[in-house]
Amino acid sequence: MPYLLDNLPPKNWPKRVASAAVIIHLIVVYPLYLNPVFYQCETKLRIENLLNAPQTRLKVLARLCLRAMLVVLTMCVALLTPEFTYMMSLLGSFASGTCMIALPFAIFVRLKHRQLPFLFRCLLWALVAFGVVISLMGVVATMMTGFTKLSQV
0 MPYLLDNLPP KNWPKRVASA AVIIHLIVVY PLYLNPVFYQ CETKLRIENL
50 LNAPQTRLKV LARLCLRAML VVLTMCVALL TPEFTYMMSL LGSFASGTCM
100 IALPFAIFVR LKHRQLPFLF RCLLWALVAF GVVISLMGVV ATMMTGFTKL
150 SQV
């Protein structure tokens, strides 16, 4: 799987700027993606950050240690999984089409199905089906690419 940055000329300023932008994006966005996981773990372990609860040093230290441990755990999984990029591509191809195309229409239809005309409901369900088909096509394409690449290794 070719990477976008590999297509840029080597040792050129656009490649350096793009690399820096990707790294900065990952550093900023990764904690945001893991925030729901952090919150659930802190809630289950009863070290959650309650709005009215006083912040003790022990609670802050426990939250910091838990979050650092989860980040290290995800990093270890990524490093120990062979061809981790293909697994992420597979998850992304399924989740993108489902979350961006199929689910919004499906939720809207489920919430407003009694107030919508029949033909409009049919159109919305057709768009849901389209989103599912797009997701499945992405999954199949990712699997074919991944199996092809893995068989060459």
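All letters in the sequence shown, in the order written, are residues 0 to 152 by numbering that gives the first Met the number 0.
The beta-carbon is built from N, C-alpha and C at its ideal position, and this holds for glycine as well.
*Tell me, please, whether the region 93-110 touches the region 129-137 by the rule of three or more beta-carbon pairs shorter than 8 Å.*
Note that the region 93-110 touches the region 129-137; at least 3 beta-carbon pairs, one per stretch, sit closer than 8 Å.
_Straight-line Cα distance separating proline 30 from threonine 73_ = In a straight line, the C-alpha of threonine 73 is about 12 Å away from that of proline 30.
*In three-state terms, what does DSSP make of arginine 45?*
Coil at arginine 45, not helix or strand.
_Looking at the secondary structure, which residues open and close the alpha helix (DSSP H) in which proline 103 lies?_
Segment 102-111, the alpha helix (DSSP H) holding proline 103.
*For threonine 55, the three-state DSSP class (helix, strand or coil)*: When secondary structure is reduced to three states using DSSP, threonine 55 falls in the coil class, being assigned neither helix nor strand.
*Under the three-state DSSP convention, the category threonine 97 falls into*: When DSSP states are grouped into helix, strand and coil, threonine 97 belongs to the helix group.
*From Leu89, Met142, Val108, Ile23, pick the residue whose C-alpha is nearest to that of tryptophan 124; which is it?*
Among Leu89, Met142, Val108, Ile23, the Cα nearest to that of tryptophan 124 belongs to Val108.
*Does the distance from the C-beta atom of valine 138 to that of serine 92 stay below 8 Å?*
Between valine 138 and serine 92, the C-beta spacing is below 8 Å.
*Would DSSP call proline 30 helix, strand or coil?*
DSSP places proline 30 in helix when its eight states are reduced to three.
*leucine 50 by DSSP, collapsed to three states: which one?*
In this predicted model, leucine 50 has a pLDDT of only 49, less than 50, meaning its place in the structure is not dependable enough to derive any value.
*Does DSSP put leucine 118 in a helix, a strand or coil?*
Helix at leucine 118.
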